[in-house]
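The next block holds one structure in the form of structure tokens; read it before the comments.
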Amino acid sequence: MTSPQDNIVVILAGGRGSRMGYRDKGEIILGGKRMIEHVTERLTPQDSLILISGPHDYGLGVSAIPDEESGIQGPAAGLSAILSFVQENYPEADGFYTVPVDCPFFPEDLITRLDGPGGSYHAVDETGPHPTFAYWACDALKSAFENLDGEQAPSLRRLLFLCGSQSVTWHTDHAFFNINTSSDIEQAERLITPS
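Note that the UniProt record's numbering has the sequence shown beginning at 1, numbered continuously upward.
Next up, the structure:
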């Protein structure tokens, strides 16, 4: 069970990594550490209960939540599975946070700033919204899934809209830098060890 001070944070690691040659992004080495380790280390000081949305736990000893095999498709399938898992295992939780496994530089105040007075919240910077960096209120998300009107593969942005999510803006360089290609890895290495 979570305690009142626990934040449930789910690392989204279920993607296929098609632009990376179908590599598991969490296992990619960056600055001498796996990407999953960069993300978990950034979350640890933020008083979080960490879960993994994906097929395995990377040897971290945390719960891994696989996508549902039927029903909602695409990125929303992971979110649907997370919602079911949280409601079954942590019924006292009002919601949960998500962060992607391929963004190792996210703000250290992410959880604090997305923790608003009720409702859902998502991160925004000068490049636009970042729907994978969000706090999802369980009741709002459940209602969103119930009001998809037959949509089988809604985008996360669509779900944020249906949840009435509010934006929280950051003004910082590289915080939401997303690693999708080999050149992105090279750029991330430069950010970790600038010349």
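Where is the CB? At the ideal position from N, CA and C, for every residue including glycine.
inquiry  = By the three-class DSSP mapping on this structure, what secondary structure does S70 have?
reply    = coil
key: Cα-Cα separation, D6 to L114   = 14 Å
request  = Would you mind reading off the limits of the alpha helix (DSSP H) that contains S155?
outcome  = Note, S155: premise wrong, no alpha helix (DSSP H); not H, not E.
message = Just to confirm my understanding: we take S155, look at its own chain, exclude 5 residues before and 5 after, and list those with CB closer than 8 Å. What are they?
response = G74, P75, A76, P131
Residue burial classification, H38 (beta-carbon count within 10 angstroms, cutoff 16) = buried
query = In terms of DSSP beta bridges, what is D125 paired with?
reply = G128
inquiry  = My parser needs the beta strand (DSSP E) runs of 3 or more residues fully inside the region 5 to 56; what are they?
reply    = 7 to 12, 48 to 53
key: Beta carbon of F161 nearer than 8 Å to that of F133   = no
ask   = Thinking just about the alpha-carbon of each residue, which of V168, L49, G164 is nearest to the one in G128?
value = V168
key: Spatial distance of E186 from P91 (CA atoms)   = 42 Å
message = Rounded to whole angstroms, what is the Cα-Cα separation between V10 and S182?
response = 25 Å
query = Since T40 and I28 are thought to touch, with beta carbons under 8 Å apart, how far apart are those beta carbons, to the nearest angstrom?
reply = The Cβ separation is near 14 Å, so there is no contact.
request  = Over the uninterrupted alpha helix (DSSP H) stretch that includes F85, give me the two end residues.
outcome  = 75 to 89
request  = Quickly, what does DSSP pair I65 with across the bridge? List them, please.
outcome  = S53
Cβ-Cβ distance between Q166 and G119 below 8 Å = yes
Assigned secondary structure, F145 (DSSP; H/G/I helix, E/B strand, else coil) = helix
task = With T112 as the anchor, note down where its alpha helix (DSSP H) starts and where it stops.
result = 110 to 113
request  = Mind reading off the beta-carbon distance from Y58 to I36? Whole number of angstroms is fine, and I expect it under 8 Å.
outcome  = 5 Å
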